[in-house]
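Novice:
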Amino acid sequence: MDLQTVLFAFGLTLFAGLSTGIGSALAFYTKKTNETFLSVALGFSAGVMIYVSLIEIFVKARASLEDHFANGQFAYLITTVSFFGGIALIAIIDKLVPSAENPHEIHDVSEMNDVDKKKKALLRMGLFSALAIAIHNFPEGLATFMSAIQDPTLGISIAIAIAIHNVPEGIAVSVPVFYATGSKRKAFMYSFLSGLAEPVGALIGYFILYNVLSEALFGIVFASVAGIMVYISLDELLPTAEKYGKHHFAIGGLIAGMAVMAISLVLFA
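Each residue of the sequence shown is one higher than the one before, starting from 1 at the first, in UniProt numbering.
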């Protein structure tokens, strides 16, 4: 694992995490979110993440474990258990976050713009949203980082997908804080800070795993990452895509994301 690869992977994770700032800027400078585009984009992200998790990441995780264990069937079992372990981990994190502040329970922009709400309640909503998003972004940062370490092209695809779905999360943080405080600077700052959890996740993953990384551990972590990404796609991206647009727009984006990911994997194989 050379320094250049590590820096590249960290840079991708930083880009993905700080895209929450794009959502914050959109909330300030656009009168209405293009909900059809947002729906397609979120569906596209889900398609990329689901396809790459099941077709590429899971397979590479299994191959790493087969290189370590002589028994191929046992390696397959460990890969499968690790995959569902990743799903269980992110589901537990999701469960621990109160539903009112959970970014997976996204409210539309008009609801967040209700100025009749008390400023204190709005500020609390924004701050808890920032905290909740930071908690969810941590494993996403690890997912992006580990993918980029293994395959830079794969890492770029995942970073772009995660960056797209971080945009509405930036809106969810910045709008209530802005309406509570009247300060664009504070709203942007909290949105920005919530995205920093992704590069922090990458850094912690790197420093914890670097000295003990083996084929077996890599396979377990990579399979878990696949599970995390599938859960995020099914629990967050697709429901939010359908909330912002029609069903067929979301599914069309999903299929397009899968197709683009499939073509890129074929071309760069």
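Every residue, glycine too, gets a C-beta built ideally from N, C-alpha and C. Computed from a prediction, not measured in an experiment: that's the story for all the values here.
How should Asp2 be labelled, buried or exposed, when 16 other C-beta atoms within 10 angstroms of its C-beta is the threshold for buried?
Specialist: Residue 2 sits at position 2 when you count from the first residue of the sequence shown. Label assigned to Asp2: exposed.
Novice: Within this structure, are the beta carbons of Gly43 and Gly195 separated by less than 9 angstroms?
Specialist: If you number the sequence shown from 1, residue 43 lands on position 43. If you number the sequence shown from 1, residue 195 lands on position 195. No. Outside cutoff.
Novice: Measuring alpha carbon to alpha carbon, tell me which of Thr5, Leu7, Phe8 and Ser19 ends up nearest Tyr190.
Specialist: Along the sequence shown, read from residue 1 onward, the residue named residue 190 stands at position 190. The residue with the shortest Cα to Cα distance from Tyr190 is Ser19.
Novice: Taking Cβ positions, are Met229 and Ile55 nearer each other than 9 angstroms?
Specialist: Position 229 of the sequence shown, counting from 1, holds the residue named residue 229. Position 55 of the sequence shown, counting from 1, holds the residue named residue 55. Against a cut-off of 9 angstroms, the Cβ pair of Ile55 and Met229 comes out as no contact.
Novice: In the DSSP assignment, find the alpha helix (DSSP H) that holds Gly257 and state where it starts and stops.
Specialist: Position 257 of the sequence shown, counted from the first residue, corresponds to residue 257. From DSSP, the alpha helix (DSSP H) with Gly257 extends over His247 to Leu267.
Novice: Can you list the alpha helix (DSSP H) stretches of 4 or more residues lying completely in the segment 129-214, in chain order?
Specialist: List check, alpha helix (DSSP H) in window: 152-181, 184-195 and 197-209.
Novice: With Ala61 as the anchor, note down where its alpha helix (DSSP H) starts and where it stops.
Specialist: Position 61 of the sequence shown, counted from the first residue, corresponds to residue 61. Here the alpha helix (DSSP H) through Ala61 covers Phe58 to His68.
Novice: Are the CB atoms of Ala226 and Phe83 nearer to each other than 9 angstroms?
Specialist: Numbered from its first residue, the sequence shown carries residue 226 at position 226. Numbered from its first residue, the sequence shown carries residue 83 at position 83. In this structure, Phe83 lies closer than 9 angstroms to Ala226 by Cβ.
Novice: Leaving aside the five residues before and after Phe58 along the sequence, list all residues of the same chain whose C-beta is less than 7 angstroms from its C-beta, in chain order.
Specialist: Walking along the sequence shown from the start, residue 58 turns up at place 58. Hits under 7 angstroms: Thr79, Phe83, Ala223 and Ala226.
Novice: Just the C-alpha distance for Gly245 and Phe74, rounded to the nearest angstrom, thanks.
Specialist: Translated into positions along the sequence shown, residue 245 becomes position 245. Translated into positions along the sequence shown, residue 74 becomes position 74. The straight-line gap from Cα to Cα measures roughly 44 angstroms.
Novice: Locate the alpha helix (DSSP H) running through Glu236, then write down its first and last residues.
Specialist: Here residue 236 refers to the residue found at position 236 when the sequence shown is read from its first residue. Taken as a continuous stretch (DSSP letters only), Glu236 belongs to no alpha helix (DSSP H), as it is neither H nor E.
Novice: Would you report the Cα separation of Thr181 and Leu96, rounded to the nearest angstrom?
Specialist: Mapped onto the sequence shown, residue 181 falls at position 181. Mapped onto the sequence shown, residue 96 falls at position 96. So the alpha carbons of these two residues sit roughly 28 angstroms apart.
Novice: In terms of residues, what are the limits of the alpha helix (DSSP H) holding Ile93?
Specialist: In the sequence shown, counting from the first residue as 1, residue 93 sits at position 93. That run of the alpha helix (DSSP H) goes Gly72 to Leu96.
Novice: On the premise that Met146 lies in contact with Gly201, defined as a C-beta separation below 8 angstroms, what is that separation, rounded to the nearest angstrom?
Specialist: Counting from 1 along the sequence shown, the entry for residue 201 is found at position 201. Counting from 1 along the sequence shown, the entry for residue 146 is found at position 146. Actually they are not in contact, since the Cβ atoms of Gly201 and Met146 sit about 10 angstroms apart, beyond 8 angstroms.
Novice: Alpha helix (DSSP H) containing Val52: first to last residue?
Specialist: Counting from 1 along the sequence shown, the entry for residue 52 is found at position 52. No alpha helix (DSSP H) contains Val52, which DSSP labels as neither H nor E.
Novice: Measure the alpha-carbon distance for His248 versus Gly257 and round it to whole angstroms.
Specialist: Taking the first residue of the sequence shown as 1, we reach residue 248 at position 248. Taking the first residue of the sequence shown as 1, we reach residue 257 at position 257. Going from the Cα of His248 to the Cα of Gly257 covers about 14 angstroms.
Novice: Between the Cα of Asp94 and the Cα atoms of Thr5, Tyr76, Ser183 and Ala134, which residue gives the shortest distance?
Specialist: Position 94 of the sequence shown, counting from 1, holds the residue named residue 94. Here the closest residue by C-alpha is Ala134.
Novice: Can you have a look at Asn71 and say buried or exposed, based on whether 16 or more other CB atoms are within 10 angstroms of its CB?
Specialist: Start at 1 with the first residue of the sequence shown, and residue 71 comes out as number 71. Flag for Asn71 reads exposed.
Novice: Alpha carbon to alpha carbon, how far is Leu203 from Leu237?
Specialist: As a working note, residue 203 is residue 203 in the sequence shown. As a working note, residue 237 is residue 237 in the sequence shown. The straight-line gap from Cα to Cα measures roughly 25 angstroms.
Novice: Please list, in chain order, all residues of the same chain as Thr144 whose beta carbon is under 8 angstroms from its beta carbon, the five residues on each side excluded.
Specialist: Position 144 of the sequence shown, counted from the first residue, corresponds to residue 144. Answer for Thr144: Ala9, Leu12, Thr13, Ala16, Gly155, Ile158, Ala159, Ile162, Glu198 and Ala202, listed in chain order.
Novice: Could you spell out the range, first to last residue, of the alpha helix (DSSP H) harbouring Leu18?
Specialist: Walking along the sequence shown from the start, residue 18 turns up at place 18. No alpha helix (DSSP H) holds Leu18; DSSP gives it neither H nor E.
Novice: With distances taken Cα to Cα, identify the nearest neighbour of Thr36 among Leu267, Leu234, Ile251 and Ile263.
Specialist: One-based indexing of the sequence shown puts residue 36 at position 36. Among Leu267, Leu234, Ile251 and Ile263, the Cα nearest to that of Thr36 is on Ile251.
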